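Working notes, beginning with the structure itself.
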Amino acid sequence: MTAAPRTAAIDPASVDLRTRMGALELGDPILAASGCFAYGQQFADFMDLRRLAGLSTKGISPKPRFGNPLPRICETASGMLNSIGLENVGAEAFLAEKLPFLRELGVSVWVNFFGEDFAAYVECARLLEAGRGQGIAVLEMNISCPNIKKGGIEFGTVPEVAHRLTRACVDVTDLPIVVKLTPNVADIVGMADAVAQAGAAGVSLINTITGMAIDVRTRRPRIATMYGGLSGPAIKPVALRMVHQVATALPGLAICGMGGIVSGEDALEFIMAGASCVQVGTANFARPDAALVVVDELRARMAELGIASVSEIVGCIRPIAPEAPQVTE
Amino acid sequence: MTAAPRTAAIDPASVDLRTRMGALELGDPILAASGCFAYGQQFADFMDLRRLAGLSTKGISPKPRFGNPLPRICETASGMLNSIGLENVGAEAFLAEKLPFLRELGVSVWVNFFGEDFAAYVECARLLEAGRGQGIAVLEMNISCPNIKKGGIEFGTVPEVAHRLTRACVDVTDLPIVVKLTPNVADIVGMADAVAQAGAAGVSLINTITGMAIDVRTRRPRIATMYGGLSGPAIKPVALRMVHQVATALPGLAICGMGGIVSGEDALEFIMAGASCVQVGTANFARPDAALVVVDELRARMAELGIASVSEIVGCIRPIAPEAPQVTE
Amino acid sequence: MPSQFSARVDTNRDLGGGYVVLEFAAEGGGLGDVVAGQFAMLRGDWGRELLNPRAFSVLWSAPDGRFAVLLKAYGRGTTRLVASQPGARVTVTGPLGHGFAPPDGVRTQLLVAGGVGLPPLHLQARQSAARGHAGVTELYYGGRNRDDLVMLDDFAAWGVRAVLATEDGSAGIRGFVTAALEERLVEAQRSGEQVEILSCGPTPMLAAVRKIGLRFEVPTWLCLEEEMACGFGVCLGCAVPVHGPRPYLYCCSDGPVFEAKQVRWP
Amino acid sequence: MPSQFSARVDTNRDLGGGYVVLEFAAEGGGLGDVVAGQFAMLRGDWGRELLNPRAFSVLWSAPDGRFAVLLKAYGRGTTRLVASQPGARVTVTGPLGHGFAPPDGVRTQLLVAGGVGLPPLHLQARQSAARGHAGVTELYYGGRNRDDLVMLDDFAAWGVRAVLATEDGSAGIRGFVTAALEERLVEAQRSGEQVEILSCGPTPMLAAVRKIGLRFEVPTWLCLEEEMACGFGVCLGCAVPVHGPRPYLYCCSDGPVFEAKQVRWP
Ligand SMILES: Cc1cc2nc3c(=O)[nH]c(=O)nc-3n(C[C@H](O)[C@H](O)[C@H](O)COP(=O)(O)OP(=O)(O)OC[C@H]3O[C@@H](n4cnc5c(N)ncnc54)[C@H](O)[C@@H]3O)c2cc1C
Ligand SMILES: Cc1cc2nc3c(=O)[nH]c(=O)nc-3n(C[C@H](O)[C@H](O)[C@H](O)COP(=O)(O)OP(=O)(O)OC[C@H]3O[C@@H](n4cnc5c(N)ncnc54)[C@H](O)[C@@H]3O)c2cc1C
Ligand SMILES: Cc1cc2nc3c(=O)[nH]c(=O)nc-3n(C[C@H](O)[C@H](O)[C@H](O)COP(=O)(O)O)c2cc1C
Ligand SMILES: Cc1cc2nc3c(=O)[nH]c(=O)nc-3n(C[C@H](O)[C@H](O)[C@H](O)COP(=O)(O)O)c2cc1C
Ligand code: FES
Ligand code: FES
């Protein structure tokens, strides 16, 4: 009984897609997600990278890493599992060999990073601080690596630990730090609050959900590390819920939403739930220009619905109207 | 490089599907899941209920409940959200009006139950104790209701609270209590251990994952209570992971697995991960006899793979063989 | 007695305006006798992306197991069904729910239809005509434009008077069909004619029809559509807010036809 | 240069034994020149259940944008593709990866094929023949039974000597084709003939070919299949364990053709 507001459609060209993630201004709200766009170079063959609002790099650690044994990926219903093992070129090579290319593009470069332990996180933030003024817009701190061993789980699941880690990293860089949280927790608001209090410029929600798949012929897991991270449309409802929970509980905190976005309507759901911008991850594997398709669809869908700008709809969701009172006699 | 063991196929009729869930014996490992089979009556039109190994009833509370406002359900990619609000006839009416029908069927009747607070849980267990000898095989205690308000979240997410609650219920009944856990936690093993220590006869894994969907036209949630529980194939990887975690960490604990099972192969994955039996939930909505289809497919797939009995494969998953050492020069 | 059986698309007939009639041939079984307003749950070979079947009012059902539904592409399920080719397989459960009562020969039945809400009223008119009751049946049928008004020939053939309304005036009177309905009720009130309303269509239309029916104190029956999963009273997903001792009834098992005064709408 | 474009199924040709050749017509673009062993990522209108495209070796590619792949129903993606009708749309990315080197005119190329691993070797033979090198190419082709051995006429037409093997003996010699390969290598060793091995097929076959190649110290190239998501070096999903300074290379961007001695298999 909650009817759609019959709003007059508007001209798609007039839709204002600009958005702000905290102090950061973006031409539109759609970025490519970490680990799903490498360092951008491979995509240059298939699309005009300059049309992107921004991208998050593969997670960078202080030293290069080689990653996990295979198999590393498998598909599930409307999703996929991965356990890449955070393979990356390391902070030094990133700054020297990857950043110049990204800087040239003129898009918002988010450098996703992590460390194998507390000290390595701080070291990585310190190393990447050198990229300020060299093209890095945001440090996206990944505290949710299901695929590294060494006690990493606590960074993402214990608020006090996340708080201390965030504070320590914020202290060594003037770049804004957006903390990427894991959904594998009972209380996402508590986590978001902890990192916000520690000086995070915002949060990225969500990383993958830990999952498993089994090959019944071989009686082995389909992922060599046994468990992997679930991404794709399967997890979208969980991601939306967490974005909405955090946006509602912590209205001042900037949120970058992600998890299963493949269409403009998906992106719109995240924005309405409270995300200032979103990232497109797994969808890039089906088509490298997935983020651009999402932008085009978002513009068209907003025009259809008569929505003039992104800024007016961030977090606009209202509860369903209460039902009429019951006459019980 | 992990090749399939080329096992000779066997005669489907010779496959031994019998299984034990703790002390409970079942003719085959496939039950219908709570909330997805009501009290069984409606299905009598469509299938021979006696062919089922067992079923779990809609969750029963001490008093009748009417449930949540609408909309209560919506579909997502390979899943659905629900927020039924645990509508049920109440323990008294269940015993008087529903149990006699179920008893007649001669299948394993699991009565799913909950309370609005601590005392109501214990009261419900006490009331249902009257069903011992009247056809109830198991009390499945649902401590994971995302859809009731009053602090219920702690029952399912704080190990000490779950422990106390389980102990209190175990104390008032001689029926085995299987505790159904919520996946909305960081540490499922800690939860399983807590209830096992308190005397639970086993655990059911998993209930739905809390999620959200948005109608971008109306700018409202698609579920009246804002959030609902995600079920279906989308969550299967998460469910399998939790079953495997608990089976590995707590080898003595009986596990009933569920989450996204729609085929015999799905069921086989759960059994190999460590479940002694499984429940089929959302799949019933597509076809009332879904559980029977799963049994038939399970038998056929086991025969194809040369597996003679369920008991020999419960928890049989082994890690992927290590890779050959690297010659680096 | 409902049953579940397999069927194949026999013909996919485009009526224009996005409306399609799908005719199915059952492979064993069939819907059998159907009361107007009853529905069937249909599911194609949709893999795991779309889990649940979709509800469709039965347009007609023949003794040989053939039956038809009328639909329009709306979301993911209907889009796939509309695109389905002859030979495509569907799983069918039905007939489900409780339909409309036939005319009692005393009250004139005013059928108020909109969009894909036509089938229950189309079947009601067909059955009334077959029983010789066509004369106590009238159709009030509204749409956005003339393309929204389909299958009019059938009503003409059955001798059912049809009052049409379109929002753009391209067929019948301009505006909502509920305006014509109100006029008709005023007339009936004046003449003392006994009438009742049977309606199916978009929710805003049903809400208007409900209010009119209550205002004129005319027995009014609404065929409701709520999101469904199982279709037969198991999932408790399709709650309908009602007045009376319980706050909710179920669209699939208690309905889909409800009396207007029972429905707890604003 | 790889590109992404849209194509439609032109013909779906059943070769028996479950093998199918799908020929596509590109709608703008196309694969262009393809080196044998290069592949394309294909994705049909699969909705959200199947997210990722699937990799297929290119069987042939014509200047007009038409191209073909050979496949068999295996899992969810290949089952849908095998069932696809003319007109069905797919999104194509390719050509991707690095293929086999053409014969150098000195070494005899022994092509060792199994199952759906045939296309790279089929294309290699086609191109060798076109360049007048058919005489330095031989085919070793194994399967479970004669239905697994397809497209033999093409090799005959190109003048390529084919040695066949089936596990049940229904065509060629009985047993694995690697036995015939070993005999051939013994003979080459004896005569001092220079040979190299190019192989594609099921992993157990490739593992055997690798060991044989290493034992006979013959240059051996394996076209590998690893589970892929992106197909061009982005997701890092398709790792291949290798010897050397780094533990892994990538099947899609560094391969799919790897030298046997580099591959880190037991
Ligand atoms: C008793 C009954 C009888 C029915 N009879 C008929 C009939 O005869 N003919 C007929 O055509 N339909 C009929 N329906 C409706 C039909 O079942 C729905 O059209 C169908 O459930 C919607 O399915 P879908 O897969 O197309 O949409 P889905 O993809 O399942 O989407 C359904 C949900 O998504 C939302 N949604 C879908 N598409 C959009 C969109 N484009 N924009 C915004 N929101 C969207 C809706 O709010 C809805 O909640 C009947 C329903 C019931 C309950
Ligand atoms: C470079 C390259 C070239 C290729 N060329 C070809 C080609 O020319 N022709 C061709 O046919 N294929 C080719 N393949 C393989 C093809 O891509 C796979 O068949 C495909 O990825 C499997 O996709 P699917 O959707 O059918 O299986 P999916 O449903 O995606 O399943 C894939 C995974 O599930 C498992 N799986 C699937 N089905 C089963 C089953 N029945 N039993 C047990 N496990 C199962 C497998 O272990 C695998 O891990 C190539 C692959 C690569 C990497
Ligand atoms: C193959 C793969 C690799 C990923 N690597 C990273 C990573 O290095 N750092 C990170 O923070 N997230 C990583 N992610 C998570 C994504 O950035 C994203 O949070 C998640 O996949 C959900 O979005 P999606 O459903 O759109 O993919 C990775 C995801 C995938 C699928
Ligand atoms: C409509 C619906 C109602 C449910 N009601 C209950 C319930 O009353 N008690 C309970 O423990 N679980 C309930 N569940 C959860 C299921 O029993 C099951 O744990 C979950 O749906 C995962 O399994 P599935 O993916 O096979 O559906 C419900 C699920 C659905 C979809
Ligand atoms: S649709 Fe399941 S109860 Fe009505
Ligand atoms: S498939 Fe993505 S890196 Fe190879």
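Taken in order, these protein sequences are the chains called E, D, B and S. For reference, each letter of the first sequence is one residue, going 1 to 329 in my numbering. For reference, each letter of the second sequence is one residue, going 330 to 658 in my numbering. For reference, each letter of the third sequence is one residue, going 659 to 924 in my numbering. For reference, each letter of the fourth sequence is one residue, going 925 to 1190 in my numbering. Glycine included, C-beta positions come from ideal geometry on N, C-alpha and C. Nothing here was measured: the structure is a model prediction, and the numbers come from that model.
In this structure, LEU882/B sits near CYS909/B, with a CB-CB distance shorter than 8 Å. THR537/D and LEU689/B have their C-alpha atoms some 34 Å from each other. Within chain D, not a single residue places a beta-carbon under 8 Å from that of ARG873/B; the smallest gap is close to 25 Å.
Relative to ligand 5, LEU894/B has its C-beta within less than 7 Å of a heavy atom. For LEU17/E, no CB of chain D lies under 8 Å from its own CB, so it is not counted at the interface with that chain. Those residues of the stretch 635-658 of chain D placed with their C-beta closer than 7 Å to a C-beta in chain S are GLU652, ALA653, GLN655, VAL656 and THR657, ordered along the chain. The C-beta distance from ALA563/D to ALA254/E rounds to 28 Å, too long to fall under 8 Å, and the pair is not in contact. Taking 8 Å as the CB threshold, PHE1156/S lines the interface with chain E. Nearest C-alpha to ALA283/E among ASP266/E, MET212/E and GLY274/E: ASP266/E. For the pair PHE375/D and GLN662/B, the CB atoms are nearer than the 8 Å cut-off.
ASP296/E counts as exposed, since fewer than 16 other C-beta atoms from the protein chains shown sit within 10 angstroms of its C-beta. When 9 Å is used as the limit between beta carbons, PHE46/E is near these residues of chain S: PRO926, SER927, GLN928, THR1017 and PHE1156, in chain order. Using a Cβ-Cβ cut-off of 7 Å, GLY971/S is close to GLU707 of chain B, given in chain order. Residue environment analysis places GLU851/B among the exposed positions, since fewer than 16 neighbouring C-beta atoms fall within 10 angstroms of its C-beta.
Look at SER981/S here: in three-state DSSP terms it is strand.
Secondary structure of HIS573/D (DSSP, three-state): helix. Look at ALA77/E: its C-beta is under 8 Å from a C-beta on chain B. The Cβ neighbour count for GLY1093/S, taken over all protein chains shown within 10 Å, is under 16; the residue is labelled exposed.
Counting along the chain, GLN279/E sits inside the beta strand (DSSP E) bounded by residues 277-280. Contact check for LEU230/E and GLY79/E: beta-carbon distance about 5 Å, within the 8 Å limit, so the pair qualifies. Relative to the non-hydrogen atoms of ligand 3, the Cβ of ALA283/E comes within a distance shorter than 7 Å of at least one. By the rule that beta-carbons nearer than 8 Å mark a contact, MET21/E does not touch chain D. Shown in chain order are the members of the stretch 275-297 of chain E whose Cβ falls below 8 Å from a Cβ of chain S: THR282, ALA283, ASN284, PHE285, ALA286, ARG287, PRO288 and ASP289.
Remark: C-beta atoms of LEU621/D and ARG380/D approach each other more closely than 8 Å. GLU1107/S sits exposed, since fewer than 16 C-beta atoms from the chains shown fall within 10 Å of its C-beta.
At a cut-off of 8 Å between beta-carbon atoms, GLY902/B makes contact with chain E.
Close to chain E, meaning a Cβ-Cβ distance shorter than 8 Å, are the following residues of the stretch 1169-1185 of chain S: ARG1170, PRO1171, TYR1172 and SER1177. TYR1065/S and VAL1101/S have their C-alpha atoms spaced approximately 6 Å apart.
Here DSSP, grouped into helix, strand and coil, assigns SER231/E to strand. Interface criterion not met: the Cβ of PRO711/B is under 8 Å from no Cβ in chain E. Distances between the C-beta of TYR998/S and the heavy atoms of ligand 2 include at least one below 7 Å.
According to the DSSP secondary-structure assignment, ASN976/S is paired through a beta bridge with no residue. Shown here, PRO721/B sits in coil according to DSSP, grouped into three states, outside any helix or strand.
Excluding sequence positions up to five before and after ALA367/D, its CB lies within less than 7 Å of the CB of LYS387, all in the same chain and listed in chain order.
Between the alpha carbons of PRO1165/S and ARG1114/S lies a gap of roughly 34 Å.
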